[in-house]
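Residue numbers for the sequence shown follow the numbering used here, beginning at 69 and rising by one. Glycine included, every Cβ here is placed at the ideal spot set by N, Cα and C.
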Amino acid sequence: MRENWHGFEAESFLFEDREAIVVFPSVPACGRLALKTEYWNAFPDELEIPLLEKGFHLCFVDNTNRWGTQDNLDRQARFVRFVAEKYGLSERIVPVGMSCGGLIAIKFAASYPELTACIYADAPVVNYMSCPCGFGVGNPMSEREHQEVLDALGLASIAELMAYRDMPLDRLPALVAARIPLAMVAGDSDTVVPYCENGVFVVRAYQDAGVEYIEHIKPGCNHHPHGLEDPTPVVEFILKHA
69 MRENWHGFEA ESFLFEDREA IVVFPSVPAC GRLALKTEYW NAFPDELEIP
119 LLEKGFHLCF VDNTNRWGTQ DNLDRQARFV RFVAEKYGLS ERIVPVGMSC
169 GGLIAIKFAA SYPELTACIY ADAPVVNYMS CPCGFGVGNP MSEREHQEVL
219 DALGLASIAE LMAYRDMPLD RLPALVAARI PLAMVAGDSD TVVPYCENGV
269 FVVRAYQDAG VEYIEHIKPG CNHHPHGLED PTPVVEFILK HA
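What follows is the structure, encoded as structure tokens:
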């Protein structure tokens with residue numbers, strides 16, 4: 069079905085029984101594709117609209133959960149290949165993820181480096197002991213959200229989550245081994261997904277491996293708002309690597 073998405077032409081449809089959408093650029097297409105990994109319609113000015121204005125196509129397929137389970141990652145990979153073939157685009161995409169969407173972007177890139185040109189991660193969840201558990205400096209999520217992650221991962225208790233070894237943190241060796249460039253944005257006062265317990269581990273892994281990245285830490289910023297007031301540095305980084 070054709071529709072309007074923030075002034076851009078879009079096509080919505082079902083992909084493997086999940087809601088999906090492709091948004092078309094307002095300028096001549098550059099042949100590149102960005103995948104919003106979670107939270108469709110959240111903070112579109114953060115990066116999606118600027119990329120559309122540079123000729124990117126944008127796509128999204130609904131997940132069954134927001135915790136980066138392999139079934140969702142595999143569906144996203146099939147979806148990316150489908151969209152790329154249908155619209156004549158490169159399969160090497162830019163995953164765009166904020167919060168749990170950043171979690172998914174990291175795990176997607178680690179699982180499918182051949183489909184990933186570079187990553188945008190904004191306040192990404194990397195360490196489940198920090199978010200959702202809140203065992204460090206941040207605020208724990210609610211009991212309902214604790215149960216949400218346990219159900220998604222097929223675990224019986226927080227004790228089992230403590231022993232879980234497929235967090236984004238555990239995927240970082242594979243991610244840096246693939247040498248995928250990364251742009252990260254985070255607030256230094258985030259009480260939901262504290263940077264010092266999450267994003268910092270990604271940056272350290274990139275520094276240790278000598279993989280190219282940029283980082284923008286926003287002074288005094290909590291988890292929201294996402295993005296930069298001026299996204300130009302991130303857009304330029306993505307254009308360079310995509």
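Problem set entry | Segment limits, alpha helix (DSSP H) that includes isoleucine 117 | To locate residue 117, count along the sequence shown from 1; it is residue 49. Start and end: 116 to 120.
Exercise. How big is the Cα-Cα spacing for alanine 242 and glycine 202?
Worked result: As a position in the sequence shown, residue 242 is number 174, starting the count at 1. As a position in the sequence shown, residue 202 is number 134, starting the count at 1. Their Cα atoms are separated by approximately 26 Å.
Exercise. Is it true that the CB of leucine 103 sits closer than 8 Å to the CB of isoleucine 161?
Worked result: Walking along the sequence shown from the start, residue 161 turns up at place 93. Walking along the sequence shown from the start, residue 103 turns up at place 35. Yes; because the gap between Cβ atoms is below 8 Å, this pair is in contact.
Exercise. Between cysteine 186 and leucine 229, which are expected to be in contact by the criterion C-beta below 8 Å, what is the C-beta distance as a whole number of angstroms?
Worked result: Along the sequence shown, one-based indexing puts residue 186 at 118. Along the sequence shown, one-based indexing puts residue 229 at 161. That pair is no contact at about 30 Å.
For this session: Give a yes or no on whether the C-beta atoms belonging to valine 271 and histidine 291 are separated by under 8 Å.
Result: Position 203 of the sequence shown, counted from the start, is the residue given in the question as residue 271. Position 223 of the sequence shown, counted from the start, is the residue given in the question as residue 291. Their beta carbons are not under 8 Å apart, which means valine 271 does not touch histidine 291 by this criterion.
For this session: Starting from alanine 152, trace the alpha helix (DSSP H) both ways and give me its first and last residue.
Result: Taking the sequence shown and counting its residues from 1, the one referred to as residue 152 is at position 84. Looking at the DSSP string, the run of the alpha helix (DSSP H) that includes alanine 152 is 138 to 155.
Exercise. If you draw a straight line from the alpha carbon of glutamate 283 to that of glycine 99, how long is it in whole angstroms?
Worked result: Along the sequence shown, one-based indexing puts residue 283 at 215. Along the sequence shown, one-based indexing puts residue 99 at 31. Roughly 26 Å separates the two Cα atoms.
Exercise. When the Cα atoms are used, what is the spatial distance from tyrosine 232 to asparagine 133?
Worked result: Position 164 of the sequence shown, counted from the start, is the residue given in the question as residue 232. Position 65 of the sequence shown, counted from the start, is the residue given in the question as residue 133. About 17 Å.
For this session: With a 10 Å radius around its C-beta and 16 neighbouring C-beta atoms as the bar for buried, classify valine 90 as buried or exposed.
Result: The residue labelled residue 90 in the question sits at position 22 within the sequence shown. Buried, by the Cβ-count rule.
Exercise. Out of curiosity, what's the CA-to-CA distance linking glycine 288 and serine 210?
Worked result: Mapped onto the sequence shown, residue 288 falls at position 220. Mapped onto the sequence shown, residue 210 falls at position 142. Answer to the nearest angstrom: the Cα atoms are 24 Å apart.
Exercise. At a cut of 8 Å, does the stretch 186 to 199 reach the stretch 150 to 170 through at least three beta carbon pairs?
Worked result: Yes, the stretch 186 to 199 is in contact with the stretch 150 to 170.
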